[in-house]
Structures are given as structure tokens and as C-alpha cells.
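Visitor:
In the numbering used here, the protein residues as written are -10 to 174.
Here's what the structure looks like:
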């Protein structure tokens, strides 16, 4: 039985269902990590405008926790950045890296590894709104770099023409037809 295949614009690289699944989850994890870090950054920026920054930051994190489904347990900031299994920035980046290993080019692996390393380097040292804003700024820039790698390796600037799509589809059908072996009794 041959691999299930999806249409591609390169003859030597087919996207199997498993690769597509990994791409989808990698993208979801990267987007979730970005959403959480931007939410925490917004709370930090708001708290930085207050006289009592630490108390304002704790209060500003409450709706962020609720929005991302994180239950307040001890250090809310740590939960959002590192500990929550489904919503923390760090855990989503680690999952994105795991999925990228299945499909990503080396440049993408390097970009995601930089994100994970930055989170690990700052673990335990991010407590104030100012520190959160500094970390968020770095993470958002590194995420933009990862998105740029994805954009340049998988997507075209202009769509494929109908003629090219038909030609690729016909080549795929021919290849699948030649992979089949018919036996007659």
C-alpha cells in the first residue's frame, strides 16, 4: 500500500497525512504561544502604568488566566509562561518543536530551538512587569523569525495557476496509477 499523498508543487516532496497533521499542530502551538505571550505582555504594560505595579500586574493576570483556561494556583505568571500543560508559552513551544521535527527544514528547527532556549534561559528570572515585557518582546521577535522561515519555505507569493495545479494533479494520478499492481487469477 502506498503512502497517502497530498498535492505539492515539488515533485520530490510529498506531504503525507502525517506531515500535514504535524504542520497543523506545529502552527497551532506557535500561535497559542504567541497569543499567551502577547496577553501576558499586555497585562504587564498595563501594570507598568500603575503606581503599585506588582499588585496591578497580579490583578491584570486574572482575566488572562481565565482567557487561556489556566487555573490560578500559586504563581500565576509562572503557570502562564512555563507550567500549564496546554496553555503555557514554554510547553507550546516545546510541542511546536516536536512537531517541526517531523516536517520542518533545519532553519525552522533552529528558529524554534532559539525560542525554547530563550524561555529556558529566563526561567525563574521573570517576575516584574518590566521583565515580562522584555521577555515578551524577545519572544515575539523570535516567533516572527520562525514565521518568516515557514513563509519562505512553504508558501509562494502568488498562487499556482490552474494549469500548474492540473499538471501537478495529473502527475500525481499517474504516479499513483503506476504504484498499483493488478493481479489477475
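Heads up, the beta-carbon is just placed ideally off N, CA and C, and yes, glycines get one too.
Is DSSP giving residue 182 helix, strand or coil here?
Guide: The chain is shown only over -10 to 174; residue 182 falls outside these bounds and no answer can be derived.
Visitor: With 16 as the cutoff for other CB atoms within 10 Å, does residue 130 come out buried or exposed?
Guide: Taking the first residue of the chain shown as 1, we reach residue 130 at position 141. Its Cβ having fewer than 16 others within 10 Å, residue 130 is exposed.
Visitor: Would you mind working out which of 119, 42, 74, 25 sits nearest residue 52, comparing C-alpha positions?
Guide: Taking the chain shown and counting its residues from 1, one reaches residue 52 at position 63. Comparing Cα positions, the closest option is 25.
Visitor: May I ask you to report which of helix, strand or coil DSSP gives residue 111?
Guide: What you label residue 111 is simply residue 122 of the chain shown in a count that begins at 1. Looking at residue 111 - three-state DSSP - the assignment turns out to be helix.
Visitor: May I ask you to verify whether the segment 91 to 107 touches the segment 33 to 47, counting CB pairs closer than 8 Å and requiring at least 3?
Guide: No: fewer than three Cβ pairs fall under 8 Å.
Visitor: Secondary structure at residue 38, three-state DSSP: helix, strand or coil?
Guide: To locate residue 38, count along the chain shown from 1; it is residue 49. If DSSP states are grouped into helix, strand and coil, residue 38 belongs with coil.
Visitor: Expressed to the nearest angstrom, what Euclidean distance is found between the alpha-carbon atoms of residue 54 and residue 48?
Guide: Numbered from 1 along the chain shown, position 65 holds the residue referred to as residue 54. Numbered from 1 along the chain shown, position 59 holds the residue referred to as residue 48. Roughly 10 Å separates the two Cα atoms.
Visitor: For the segment 122 to 138 and the segment 155 to 165, state whether three or more C-beta atom pairs, one from each stretch, are separated by less than 8 Å.
Guide: In short, these stretches do not touch, since the Cβ pair count stays below three.
Visitor: So residue 78 and residue 108 are supposed to be a Cβ contact under 8 Å. How far apart are they, rounded?
Guide: Here the question's residue 78 lines up with position 89 in the chain shown. Here the question's residue 108 lines up with position 119 in the chain shown. Rounded, the Cβ-Cβ distance is 6 Å, consistent with contact.
Visitor: Whose C-beta lies closer than 8 Å to the C-beta of residue 7 among residues of the same chain, with five residues either side of it excluded?
Guide: Locating residue 7 in the chain shown gives position 18, where the first residue counts as 1. Around residue 7: 91.
Visitor: Which same chain residues end up closer than 6 Å to residue 14 when comparing Cβ atoms and leaving out the 5 residues on each side of it in sequence?
Guide: In the chain shown, residue 14 corresponds to position 25, counting from 1. Here the set comprises 88.
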